[in-house]
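Q: Here it is, the structure in full.
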Amino acid sequence: MIEKAIQGGKSYYSWLALLVGIMLIGAYYWVRQFTEGLGITGLSRDVTWGFYIAQFTFLVGVAASAVMVVLPYYLHNFKAFGKITILGEFLAIGAVLMCMSFIFVDMGQPFRILNVFLHPSPHSMMFWDTVVLFGYLLLNILISSVSMQAEKKGVAPPKWIKPFIILSIPWAFSIHTVTAMLYSGLAARPFWMTAVLGPRFLASAFAAGPALLILLAMLLRRLSKFDAGDRAINQLAMIITYALGINLFFVAMELFTAFYSGIPEHISHFKYLFVGLEGNNFLVGWMWVSMLLGVSAFVLLVNPKTRKNYKVLAFACVAVFVSLWIEKGLGLVITGFIPSPLGEVVSYVPTLPEVMIGLAIWALGAFVVTVLYKMTLNLRERWG
Amino acid sequence: MSVDRRKFLKLAGVVSLGAAAKPVSTLLASEDPIHVKKMEEGAAATAPTVSPGPPQGEASSFREPLTAKRWAMVIDTRKLDEATIERCIDACHTRHNVPEFEIKKDEIKWIWEEDFHHAFHEQDIPVYTEHIRHKSTLLLCNHCDEPPCTNVCPTEATFKREEDGLVMMDWHRCIGCRYCVVACPYGSRSFNWRDPRPHIEEIQGDFPTRMRGVVEKCTFCEERLARGIAPACVEASGGAIAFGDLEDPHSSVRHLLEEHFTIRRKPNLGTQPQVYYIV
Chain W
327 MIEKAIQGGK SYYSWLALLV GIMLIGAYYW VRQFTEGLGI TGLSRDVTWG
377 FYIAQFTFLV GVAASAVMVV LPYYLHNFKA FGKITILGEF LAIGAVLMCM
427 SFIFVDMGQP FRILNVFLHP SPHSMMFWDT VVLFGYLLLN ILISSVSMQA
477 EKKGVAPPKW IKPFIILSIP WAFSIHTVTA MLYSGLAARP FWMTAVLGPR
527 FLASAFAAGP ALLILLAMLL RRLSKFDAGD RAINQLAMII TYALGINLFF
577 VAMELFTAFY SGIPEHISHF KYLFVGLEGN NFLVGWMWVS MLLGVSAFVL
627 LVNPKTRKNY KVLAFACVAV FVSLWIEKGL GLVITGFIPS PLGEVVSYVP
677 TLPEVMIGLA IWALGAFVVT VLYKMTLNLR ERWG
Chain Y
6 MSVDRRKFLK LAGVVSLGAA AKPVSTLLAS EDPIHVKKME EGAAATAPTV
56 SPGPPQGEAS SFREPLTAKR WAMVIDTRKL DEATIERCID ACHTRHNVPE
106 FEIKKDEIKW IWEEDFHHAF HEQDIPVYTE HIRHKSTLLL CNHCDEPPCT
156 NVCPTEATFK REEDGLVMMD WHRCIGCRYC VVACPYGSRS FNWRDPRPHI
206 EEIQGDFPTR MRGVVEKCTF CEERLARGIA PACVEASGGA IAFGDLEDPH
256 SSVRHLLEEH FTIRRKPNLG TQPQVYYIV
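So the sequence lines, in the order shown, correspond to chains W and Y.
When we follow my numbering, the leftmost residue of the first sequence carries the number 327, and every step to the right adds one.
When we follow my numbering, the leftmost residue of the second sequence carries the number 6, and every step to the right adds one.
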């Protein structure tokens with residue numbers, strides 16, 4: 327079936343070549359990082375996790391969001407999602423691969439990573455996160471390949487795959503819940519130690535993931551004969567609206583709890599995030615852009631007139647994705663470390679090698695998703 | 006293979022080293038004379054800070070390991086002057102091949118100087134007591150009874166030795182995920198951002214150096230206890246730091262805790278730190 331992925335035009339190959347180029351640049355920096363150590367990143371004794379782990383956290387959400395098409399289709403028999411379910415599953419595969427790559431490049435001793443399985447430690451949330459992510463990847467590979475095989479033969483997928491599909495639904499929730507538990511169970515980091523972190527992760531994921539899916543569906547409409555259908559897009563837009571609204575509500579609740587209780591170590595992190603602390607304001611501009619984009623996207627989405635205008639919808643989807651990427655892919659992880667447990671305001675800015683390695687992993691994800699989508703399109707065009 | 010090493014590490018603290026008398030005696034013979042001398046200079050009066058006293062048997066040319074049910078440390082901050090602090094840090098970092106980096110970002114430290122204001126961050130020392138805020142103390146791993154760092158480790162590379170409560174590190178198993186650094190509420194753990202070896206002034210042959218990509222921290226001088234000697238900082242502190250068995254009612258640390266009001270860092274987190282401060 328993979329041969330379907332190598333039948334493409336010039337623009338398809340140029341796009342892939344561009345992605346490979348970015349990956350090669352990243353590979354160069356990774357080799358440098360591997361030989362010189364993680365010292366070439368902006369990370370330090372105080373800010374020990376940064377850009378890589380933040381990207382990982384955001385992308386777990388994108389991966390989990392596939393459930394937002396799988397669940398209505400399989401549990402509620404919402405037929406309009408029939409065509410894009412496979413797109414959601416392929417997006418999940420790309421996103422999980424990116425997550426794993428980000429974990430890999432963050433390790434000090436990456437080639438010892440199998441120690442996690444050699445010495446399983448059920449008391450560590452990182453152990454569970456590894457288990458659920460691997461499981462989710464395998465589930466999605468199994469489900470998507472079986473349904474593609476069936477589609478190729480022009481028959482209905484075999485019955486035995488159904489239990490796996492049903493299993494993938496709670497599994498999707500689990501990957502992001504466990505990722506939140508990685509953070510929310512740490513007494514050392516008051517910024518993350520909030521029961522709403524897990525729910526908030528899910529809400530933001532179910533906004534950002536489907537927003538990306540709508541944008542991809544719109545892109546496919548332009549580039550190919552594949553049409554996800556207005557009904558599917560409208561329904562996804564509705565899901566984004568609710569999820570985004572819930573996420574904004576959770577953020578407001580966090581701000582209330584921190585500021586009304588007045589406990590300094592809870593307030594200080596939010597201050598760092600939104601106004602800066604002791605002149606350290608790396609994230610301030612980013613966070614306000616994130617808030618502005620998030621709120622304006624919500625206004626545009628909640629109004630049916632603007633939501634159903636696809637030009638506005640496309641803008642809103644970009645706004646949602648960028649807003650939540652800043653919130654989780656920058657703000658959440660870094661701010662947990664500033665100020666430090668000793669009350670010191672330390673600084674962290676990702677370095678060029680760090681950003682290039684990160685970009686390369688995003689390119690890897692884009693490459694995987696492109697190839698898998700191309701395969702699907704070629705298969706479907708043959709069947710008309 | 007690694008299981009064997011692990012068992013060995015665990016046993017090292019309790020097993021008598023009798024069988025290895027010869028090599029141990031040579032090790033002791035080459036014991037760093039500078040530090041012993043320093044200790045004698047400053048600490049004559051308060052020398053027996055370690056409770057299970059040094060060996061009595063004159064026939065044995067090696068010392069019995071120091072053992073305890075629960076090692077603990079009491080730091081008398083009133084006795085910590087600038088020179089003592091420096092001596093303690095130097096003793097520890099020299100003995101343990103702790104590198105010194107010029108850039109703060111790459112820094113590695115097992116024991117370090119911090120002012121009260123940061124060390125006891127949550128105590129909210131009033132701003133008008135500038136001299137107290139900026140009074141210095143020593144910080145190190147608290148060897149918590151309920152260590153959050155070992156709890157989060159995905160490979161058991163860091164673990165609590167149940168027989169005496171030490172929080173240990175297996176540098177050969179650590180994958181460098183730094184989750185333990187994130188989970189420690191005391192900032193006691195360091196990561197090797199770069200190869201540490203070129204940054205060690207003089208490598209001590211009897212203690213391992215580390216490689217880039219692994220986490221390290223204070224070990225309460227587990228390797229010295231096994232050889233029957235007090236931790237390096239205790240020895241260098243001139244009586245400012247006491248070390249002993251918390252479970253032994255006659256130990257020096259127990260006496261100090263009974264006689265003085267002591268504080269611990271962030272006791273509200275339930276980690277049960279085992280470094281106590283007399284203020």
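Positions of the beta carbon are idealized from the N, C-alpha and C atoms, including for glycine.
Give me the subset of the stretch 180-195 of chain Y whose CB atoms are less than 7 Å from a CB atom of chain W, sorted by chain position.
A: Answer in chain order: Ile180, Gly181, Cys182, Arg183, Tyr184, Val186, Val187, Ala188, Cys189, Pro190, Tyr191, Gly192, Ser195.
Q: CB Ser391/W to CB Ile687/W, shorter than 8 Å?
A: What you label residue 391/W is simply residue 65 of the first sequence in a count that begins at 1. What you label residue 687/W is simply residue 361 of the first sequence in a count that begins at 1. No, Cβ-Cβ distance for Ser391/W and Ile687/W is not below 8 Å.
Q: Could you name the residues of the stretch 145-174 of chain Y whose beta carbon sits closer than 7 Å to any beta carbon of chain W, in the order they occur along the chain?
A: So the close ones are Pro153, Asn156, Val157, Cys158, Pro159, Thr160, Glu161.
Q: State the beta-bridge partners of Asn606/W as determined by DSSP.
A: For the purposes of this step, residue 606/W is taken as the residue at position 280 of the first sequence. Leu603/W, per the DSSP bridge assignment.
Q: From the beta carbon of Gly218/Y, is the nearest beta carbon of chain W less than 8 Å away?
A: Taking the first residue of the second sequence as 1, we reach residue 218/Y at position 213. Gly218/Y counts as touching chain W.
Q: For the stretch 89-110 of chain Y, which residues have a beta carbon sitting closer than 7 Å to at least one beta carbon of chain W?
A: Result list: Lys110.
Q: Would you kindly work out how many angstroms separate the C-alpha atoms of His123/Y and Tyr354/W, rounded to a whole number?
A: On the second sequence, residue 123/Y is found 118 positions in, with the first residue counted as 1. On the first sequence, residue 354/W is found 28 positions in, with the first residue counted as 1. Cα-Cα distance, rounded: 40 Å.
Q: Along the alpha helix (DSSP H) that carries Glu263/Y, what are the first and last residues, could you check?
A: Here residue 263/Y is taken as the residue at index 258 of the second sequence, counted from 1. Glu263/Y -> alpha helix (DSSP H) spans 257-264.
Q: Taking contact to mean 3 or more Cβ pairs, one atom from each stretch, closer than 8 Å, check whether the stretch 647-655 of chain W and the stretch 526-544 of chain W are in contact.
A: Touching, yes, given that three or more Cβ pairs across the two stretches are closer than 8 Å.
Q: Measuring only the C-alpha atoms, how far is Gly669/W from His126/Y?
A: The count along the first sequence starts at 1 and reaches residue 669/W at position 343. The count along the second sequence starts at 1 and reaches residue 126/Y at position 121. Computed Cα separation, rounded: 6 Å.
Q: Find out if the Cβ-Cβ distance for the pair Lys222/Y, Ser242/Y is shorter than 8 Å.
A: In the second sequence, residue 222/Y corresponds to position 217, counting from 1. In the second sequence, residue 242/Y corresponds to position 237, counting from 1. For Lys222/Y and Ser242/Y, no; Cβs fall outside 8 Å.
Q: Does the beta carbon of His136/Y come closer than 8 Å to any beta carbon on chain W?
A: For the purposes of this step, residue 136/Y is taken as residue 131 along the second sequence, with counting starting at 1. With 8 Å as the cut-off, His136/Y does not count as an interface residue toward chain W.
Q: In chain W, which residues lie less than 8 Å from Glu112/Y when you measure between Cβ atoms?
A: The sequence position of residue 112/Y within the second sequence is 107, counting from 1. By Cβ distance, chain W contributes Ser370, Arg371.
Q: Specify whether the stretch 75-91 of chain Y and the stretch 250-263 of chain Y touch according to this definition: at least 3 beta carbon pairs, one from each stretch, less than 8 Å apart.
A: Contact between the stretch 75-91 of chain Y and the stretch 250-263 of chain Y is present, because at least three Cβ pairs lie under 8 Å.
Q: Specify the secondary structure class of Met78/Y as computed by DSSP and reduced to three states.
A: The residue given as residue 78/Y occupies position 73 in the second sequence. Strand, per DSSP.
Q: Under DSSP, the alpha helix (DSSP H) around Lys165/Y begins and ends at which residues?
A: Numbered from 1 along the second sequence, position 160 holds the residue referred to as residue 165/Y. From DSSP, Lys165/Y is part of no alpha helix (DSSP H) but of the beta strand (DSSP E) over 163-165.
Q: Consider the Cβ of Trp651/W: report whether some Cβ of chain Y lies at a distance smaller than 8 Å.
A: Start at 1 with the first residue of the first sequence, and residue 651/W comes out as number 325. Not one chain Y Cβ lies under 8 Å of Trp651/W.
Q: Between Asn560/W and Phe416/W, what straight-line distance do the alpha-carbon atoms span, to the nearest angstrom?
A: Here residue 560/W is taken as the residue at index 234 of the first sequence, counted from 1. Here residue 416/W is taken as the residue at index 90 of the first sequence, counted from 1. When rounded, the distance between both Cα atoms is 21 Å.
Q: Does any C-beta atom of chain Y lie closer than 8 Å to the C-beta of Glu362/W?
A: Taking the first sequence and counting its residues from 1, one reaches residue 362/W at position 36. Output row for Glu362/W: interface = yes.
Q: Less than 8 Å between the C-beta atoms of Phe596/W and Ala584/W, yes or no?
A: As a first step, residue 596/W must be located in the first sequence, where it is residue number 270. As a first step, residue 584/W must be located in the first sequence, where it is residue number 258. It is a contact, given that the beta carbons lie within the stated cut-off.
Q: Taking 7 Å as the limit between beta carbons, can you name the residues of its chain near Phe212/Y, skipping five residues before and five after?
A: Taking the second sequence and counting its residues from 1, the one referred to as residue 212/Y is at position 207. Only Arg100, His101, Asn102, Glu228 meet the Cβ criterion.
Q: Considering only residues of the same chain and omitting the five flanking positions on each side of Asp111/Y, which have a CB-CB separation below 6 Å?
A: What you label residue 111/Y is simply residue 106 of the second sequence in a count that begins at 1. Excluding sequence neighbours, Asp111/Y sits near Trp198, Arg199.
Q: Assuming the contact rule is C-beta atoms closer than 8 Å, Glu286/Y and Ile90/Y should be a hit. Round their C-beta distance to whole Å, please.
A: The structure shown does not extend to residue 286/Y, since chain Y is modelled only from 6 to 284, so the question has no answer here.
Q: Does Ile491/W pass the burial test, meaning 16 or more other C-beta atoms within 10 Å, or should it be called exposed?
A: Along the first sequence, one-based indexing puts residue 491/W at 165. So Ile491/W ends up on the buried side.
Q: In chain order, what are the residue ranges of uninterrupted beta strand (DSSP E) at least 3 long that sit wholly in the stretch 136-201 of chain Y?
A: Counting whole runs of 3 or more residues, the stretch 136-201 of chain Y contains the beta strand (DSSP E) stretches 141-145, 163-165, 172-174.
Q: Checking 8 Å against the spacing of the C-beta atoms, do Val675/W and Glu604/W come in under that value?
A: Along the first sequence, one-based indexing puts residue 675/W at 349. Along the first sequence, one-based indexing puts residue 604/W at 278. Not in contact: Val675/W and Glu604/W (Cβ atoms no closer than 8 Å).
Q: Going along chain W, which residues have a C-beta under 9 Å from Trp117/Y?
A: Looking up residue 117/Y in the second sequence gives position 112. Those within 9 Å of Trp117/Y in chain W number zero; the least Cβ separation is about 11 Å.
Q: For Lys654/W versus Ala418/W, is the C-beta spacing smaller than 8 Å?
A: Translated into positions along the first sequence, residue 654/W becomes position 328. Translated into positions along the first sequence, residue 418/W becomes position 92. Not in contact: Lys654/W and Ala418/W (Cβ atoms no closer than 8 Å).
Q: So for Val625/W, helix, strand or coil by DSSP?
A: Taking the first sequence and counting its residues from 1, one reaches residue 625/W at position 299. Residue state, collapsed to three classes: helix.
Q: What does the alpha-carbon distance come out to for the pair Thr267/Y and Trp356/W?
A: Translated into the one-based positions of the second sequence, residue 267/Y becomes position 262. Translated into the one-based positions of the first sequence, residue 356/W becomes position 30. Spanning the two alpha carbons is a distance of roughly 48 Å.
Q: I'd like to confirm the pairing. Which residues does DSSP put opposite Ala247/Y in its beta bridges?
A: Within the second sequence, the letter at position 242 stands for residue 247/Y. Paired residue(s): Val79/Y.
Q: How should Thr361/W be labelled, buried or exposed, when 16 other C-beta atoms within 10 angstroms of its C-beta is the threshold for buried?
A: Locating residue 361/W in the first sequence gives position 35, counting from the first residue. Under this definition Thr361/W is an exposed residue.
Q: Return the residue from the list Asp169/Y, Ala188/Y, Pro159/Y that minimises the CA-CA distance to Asp175/Y.
A: On the second sequence, position 170 is the one that residue 175/Y refers to. Among Asp169/Y, Ala188/Y, Pro159/Y, the Cα nearest to that of Asp175/Y belongs to Pro159/Y.
Q: Applying a beta-carbon distance threshold of less than 9 Å, which residues of chain Y neighbour Gly669/W?
A: Mapped onto the first sequence, residue 669/W falls at position 343. His122, His123, His126, Glu127, listed in chain order.
Q: Using a Cβ cut-off of 8 Å, which residues of the stretch 65-89 of chain Y contact any Cβ in chain W, in chain order?
A: So the list is empty, because no residue satisfies the distance condition.
Q: Please list, in chain order, the chain W residues whose beta carbon lies closer than 7 Å to that of Leu143/Y.
A: Counting from one through the second sequence, the residue named residue 143/Y turns up at place 138. None at all; the shortest Cβ gap to chain W is about 14 Å.
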